[in-house]
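Notes follow the structure.
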Amino acid sequence: MEKPKVYFTDMRCKVGTSLLSKLDKLIRKAGISDLSRIDFSNKYVAVKIHFGEPGNLSFLRPNFAKAVADCVKSLGGKPFLTDCNTLYVGRRGNALDHLEAALENGFSPFSTGCQMIIGDGLKGMDDIEVPINGGQILTSALIGRAVMDADIFISLNHFKGHECTGFGGAIKNIGMGCGSRAGKMVMHSDGKPEVYGKSCTGCKSCAKFCAHGAISFGKSGKASISHGRCTGCGRCVGSCNFNAIHNPNESSNAMLDCKIAEYCKAVLDGRPHFHVSIVNQVSPYCDCHDENDAAVVPDIGMFASFDPVAIDRACIDAVNAAPEIHGSILSEREHTCGDHFTNIHPSTDWRRQLAHAVKIGLGSEDYELIKI
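Note that my numbering has the sequence shown beginning at 6, numbered continuously upward.
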């Protein structure tokens, strides 16, 4: 069987050549304009990106998104940038705050050349249940409706380290990023939500969205969740305007890795997809933090592929082959092995996510690297 191809170009630019023109050349060489693979004509194209938590400065600049959007439009497609709301308390937990955060970080229809749509709606509750073909832990995934309404899917991600999964690449950008708030709870939790009594105002909004009658209100007027009736769907988390409902039962990192891979497969199955990874400002933590630590390795380059597993593995290999930056967290950690991700986050094992992705038929770790 032929190995999936991963195309790569470095960050060097001769006078007269911009990084964005190199990105356009890269994705065209990788086959985005190949009609036998993708026909963009009058198709809606979801470009999944992380808009960055305000305060963090390592997320992808809007210029990268514009290069991809312009290419898609030149091929007849109708691109839009998208991400789904977050489960945690922050600046991206509902569509209004999320869009304000994106604007603050420089994303707009003017800077990117296309519109922005929050995939799971105002409160993170506009989702659709999508079957997971070959899922071994989950049978279905709760994905933002706008993501699934698109005809074609493109992942544009900032490759980095991650405190729970070891790394954050294409698979995590898609799997975790496209899950609605309820979907994110499924991935993060093996349990059921609880109420912060001090934060609850007794507005009863959560009860309106509970299909199982699991929420009641005592003499104090505060919400209480019956775990005997609760199914763990997470609707109440999305419906609360006061962040009074939370998930106290986090999945193990091993389970999280597998669930992310299965959610990714739900998003991609049955439609054309393409993946772009930018390996610069390789921070040790997720871009969901409202800060970013110093990069751990020098900027490496840009990758493109039709295979999300292959592109993640190629980025991992490139980072692990790069020298550490003096003064970064990587240079301060004990080096127990030759793997940068394990040395930064010893309690994680990035191999699990890729191994499970391969197991469920998402892609291959055995790739051919083509340098442009």
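C-beta: ideal position from N, C-alpha, C; glycine also.
So the alpha helix (DSSP H) G180 belongs to, where does it begin and stop?
G180 -> alpha helix (DSSP H) spans A175 to C183.
Cβ neighbours of A187 in the same chain (closer than 8 Å, five flanking residues each side left out):
Correct list, in chain order: G129, M130, D132, L147, C238, G239, R240, V242 and G243.
Same chain, Cβ closer than 7 Å to A300, neighbours up to 5 away in sequence not counted:
Q286, V287, S288, I330 and S333.
Bridge partners of A309, per DSSP?
Looking at the DSSP assignment, A309 forms a beta bridge with Y12 and V281.
C-alpha gap between N110 and A212, whole angstroms
Their backbone Cα atoms lie some 35 Å apart in a straight line.
For I157, verify whether its CB is less than 6 Å away from any heavy atom of the ligand PLP.
Within the structure as shown, the ligand PLP is missing, as the structure has no ligands at all.
Using the beta-carbon count (16 or more within 10 Å), is H350 buried or exposed?
It counts as buried.
Rounding to the nearest angstrom, what Cα-Cα distance links D29 and A219 in this structure?
Between the C-alpha atoms of D29 and A219 there is a straight-line separation of about 51 Å.
Alpha carbon of M260 to alpha carbon of A35, nearest angstrom
Computed Cα separation, rounded: 33 Å.
Sort S160, G207 and D298 by Cα distance to S310 and report the nearest one.
In terms of Cα proximity to S310, the closest of S160, G207 and D298 is S160.
Check whether the Cβ atoms of Y268 and G126 lie closer than 7 Å to each other.
No.
Terminal residues of the continuous beta strand (DSSP E) containing P136?
It spans D132 to P136 - the beta strand (DSSP E) in which P136 sits, taken as one unbroken run.
Can you tell me which residues form a DSSP beta bridge with M6?
According to DSSP, which records beta bridges pairwise, M6 is partnered with nothing at all.
Give the range of the alpha helix (DSSP H) segment to which V2 is assigned.
As shown, the chain starts at 6 and ends at 377. That puts residue 2 outside it, with no answer to give.
Around the C-beta of A271, are 16 or more other C-beta atoms found within 10 angstroms, so that it is buried, or is it exposed?
Per the 10 Å Cβ criterion, buried.
Under the three-state reduction of DSSP, which class applies to D344: helix, strand or coil?
Taken through DSSP and simplified to helix, strand or coil, D344 comes out as coil.
Assigned secondary structure, A100 (DSSP; H/G/I helix, E/B strand, else coil)
If DSSP states are grouped into helix, strand and coil, A100 belongs with the helices.
Suppose you measure from the CA of T91 to the CA of D322; what does that come to, to the nearest Å?
Computed Cα separation, rounded: 29 Å.
Kindly confirm or deny that the stretch 191 to 210 and the stretch 80 to 88 touch, where touching means at least three C-beta pairs closer than 8 Å.
Judged by Cβ distances under 8 Å, the stretch 191 to 210 makes no contact with the stretch 80 to 88, as fewer than three pairs qualify.
By DSSP's criteria, E337 is part of a beta bridge. Which residues make up the other side?
Paired residues: none, contrary to the question.
Q358, enclosing alpha helix (DSSP H) - first and last residue
DSSP places Q358 in the uninterrupted alpha helix (DSSP H) bounded by R356 to K364.
D29, DSSP secondary structure in three states
Note: D29 maps to helix in three-state DSSP.
Could you give the uninterrupted runs of the beta strand (DSSP E) lying entirely in the stretch 147 to 220, keeping only those of 3 residues or more?
Counting only runs of 3 or more, we get 157 to 163, 165 to 167 and 171 to 173.
Candidates D102, K71 and R97: which alpha carbon is nearest G118's?
That would be K71, whose Cα lies nearest to the Cα of G118.
Per DSSP, A228 is paired with what?
Answer is F222.
Among the residues of its own chain, which have a CB less than 6 Å from the CB of P67, if the five just before and after it don't count?
Closer than 6 Å at Cβ, skipping near neighbours: G111, F112, S116 and T117.
Output yes or no for whether 7 Å exceeds the beta carbon distance between F69 and I230.
No; because the gap between Cβ atoms is not below 7 Å, this pair is not in contact.
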